[in-house]
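When we follow the UniProt record's numbering, the leftmost residue of the sequence shown carries the number 1, and every step to the right adds one. Heads up, the thing below is written out as structure tokens.
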Amino acid sequence: MVWYTDLRNRKLFSEAESDWTSRRLLELRAQLASPPPRGVPRRTKDASLIIGTWNIRDFDNNKFRHGPRRRESLHYIAEVLSSFDVCALQEVNEDLGPLKDVIRLMGPGWDFIATDVTTGASGNRERMCFVFDARKVRFRNIVGEIVLPKHALLPGEQQFARTPFMVSFQAGWFKFSLCTVHIYFGEASKGSDGYARRVSEIDYIAREMASRADRENENYILLGDFNIKNPVDETMGALTKAGFQLPPEQYPSNLLGTHYYDQIAFRTQKDELTFLSSGVFDWSQTVFRPDHYEHYAPILPTRHRDLKPDGSPRDAGKDKDYYAKRWLTWQMSDHLPLWVELAIDFSDAHLLNNLQAEFEGGDVPAQVEFTEDEAPLESPPKPAEPVRPLKKKRKPPKVAQPEKQGTLAPAPKMTFAEGWRIFWWVASGGADRARKAKEAEKKAAKPRKAKKKSG
1 MVWYTDLRNR KLFSEAESDW TSRRLLELRA QLASPPPRGV PRRTKDASLI IGTWNIRDFD
61 NNKFRHGPRR RESLHYIAEV LSSFDVCALQ EVNEDLGPLK DVIRLMGPGW DFIATDVTTG
121 ASGNRERMCF VFDARKVRFR NIVGEIVLPK HALLPGEQQF ARTPFMVSFQ AGWFKFSLCT
181 VHIYFGEASK GSDGYARRVS EIDYIAREMA SRADRENENY ILLGDFNIKN PVDETMGALT
241 KAGFQLPPEQ YPSNLLGTHY YDQIAFRTQK DELTFLSSGV FDWSQTVFRP DHYEHYAPIL
301 PTRHRDLKPD GSPRDAGKDK DYYAKRWLTW QMSDHLPLWV ELAIDFSDAH LLNNLQAEFE
361 GGDVPAQVEF TEDEAPLESP PKPAEPVRPL KKKRKPPKVA QPEKQGTLAP APKMTFAEGW
421 RIFWWVASGG ADRARKAKEA EKKAAKPRKA KKKSG
């Protein structure tokens, strides 16, 4: 549960600012509590596991001078992260102070594991992180960064632009290793060197994690920002051809809802993955909405705006675009968090596996463990009497209804028909229509100004 005590600290929040932030948090919590995919399922003690991934844009060094993040923004980020059991973060910068502030706001029990910064022009001095609820998700003391061996170096003997980060966890019965990535983007055109490098990075990390999963008989989950444009792109093929499975439903994860940059893919042991649900959480429906522009306009950084001497914008439309398309992405992100929910309580299945058919119609006396004159036996003796028939067969044991019932499993590979449907949807302008519909929905949500009565 997120701590809100800072909202009553008048050194941090004025009464008006506390009121505004509290109202936004109430709306954000209501949205999170909505049925998926608009919201996120309620976390359970041990029945299910919710895994998230979020590219949390340039968090939080303010090198582009659009920030830094406001105190209210840290509360919103903490609220979103606390709806997951474990979440991979990309683009965490060198200063861990802001992340530690978020962890503090999330309350006791939450922790994080981070890499060192990645150096080099493409690395941007970024870190990879995992934020997790240590009361439910246990760190299994295995952690590492994945580097390319010499024979697999990219053209120009290059390593990954940003080193993939792998950590092993356990939640309930479920043991798993998460590997988070932030794949190089480069140029968008398919014939470019940058695009080829992007495909190569995805291809190698997918094959390497698949090989480890088979060799170690371990559940591997590969997640993060793959910079995948759409589900039928070559970048997606590089991920799935290594045997990684995707949730049945795919969701765009950029703010405009046009690209499938972020993914969560599975390579798991047989019968150890029971898929429950998945989604993407669009926080922009609640916080930093277009109709909040007037509230934030007075504090938008002037260096990025064209203002008149009196401080008002010369072009209100351009100023609103700066707020809605740029500034707010450095308060929250230019990505939406992606999540999946898995069933992890295998207790009944474990007990049912102990049942033997031969004892359904017969019985053996209770085993002798000790007598009054003897010490406890080190191991149960074999029964002295054979199985004796019963007049009535034993009734099947009552099995409690599971708290979370898995009804779907990730498809092993995308069918040709589904791939063609998505390709045709993109090619025929479906993505553009979805973007325009979303913009129209946000525009309709703006409160209309009341017309002045004449006379």
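C-beta atoms are modelled at their ideal positions from N, C-alpha and C, and glycine is treated no differently. These numbers come from a predicted model, not from an experiment.
As DSSP reads the structure, I264 sits in a beta bridge with L223. With the rule of 3 Cβ pairs closer than 8 Å, the region 64 to 72 counts as touching the region 298 to 312. Out of Q170, A171, I146, the CA that lies nearest to the CA of Q159 is found in I146. Its chain contains L328, Q331, M332 as the residues whose beta carbon lies nearer than 7 Å to that of F288, once the 5 sequence neighbours on both sides are disregarded; these appear in chain order. As computed with DSSP, Q170 is found in a beta bridge with R138, K175. Judged by DSSP in its simplified three-state form, D58 adopts strand. The criterion of a C-beta distance shorter than 7 Å is not satisfied by V40 and F275.
Boundaries of the alpha helix (DSSP H) harbouring G194: 193 to 216, taken from the DSSP string. Straight-line spacing of the CA atoms in A343 and L273 works out to 7 Å. Secondary structure note for S18: its alpha helix (DSSP H) is the uninterrupted segment 15 to 32.
In the structure shown, I51 adopts extended strand secondary structure according to DSSP, grouped into three states. In the three-state reduction of the DSSP assignment, E94 falls in the coil class, being assigned neither a helical nor a strand state.
Where E341 is concerned, the enclosing beta strand (DSSP E) starts and stops at 338 to 343. Secondary structure at A121: coil, using DSSP grouped into helix, strand and coil. C-alpha of S34 to C-alpha of S253: approximately 19 Å in a straight line.
F275 sits in a strand when the DSSP states are folded into three classes. The continuous alpha helix (DSSP H) containing R71 extends over residues 71 to 81. Restricting attention to N9, R207, H335, L223, the CA atom closest to the CA of H259 is found in H335. Looking at V92, D262, D46, T44, the one whose alpha-carbon comes closest to that of N62 is V92.
In this structure, the alpha-carbon of D85 lies about 13 Å from that of P337. In the DSSP assignment, M128 falls within the beta strand (DSSP E) that extends over 127 to 133. In its chain, beyond the 5 residues on either side, W173 have a beta carbon closer than 8 Å to the beta carbon of H350.
Between V137 and A171, the C-beta spacing is below 7 Å. In this structure M1 is exposed. Its beta-carbon is surrounded by fewer than 16 other beta-carbon atoms within 10 angstroms. The beta carbons of R162 and E126 sit closer together than 7 Å. Annotation for Q269: N217, N219 place their beta carbon closer than 7 Å to its own, counting only its chain and skipping 5 residues before and after. The C-alpha of K100 lies about 11 Å from the C-alpha of D60. The Cβ-Cβ distance between D319 and P313 falls below 7 Å. Nearest C-alpha to R207 among D225, R198, A242, I264: A242.
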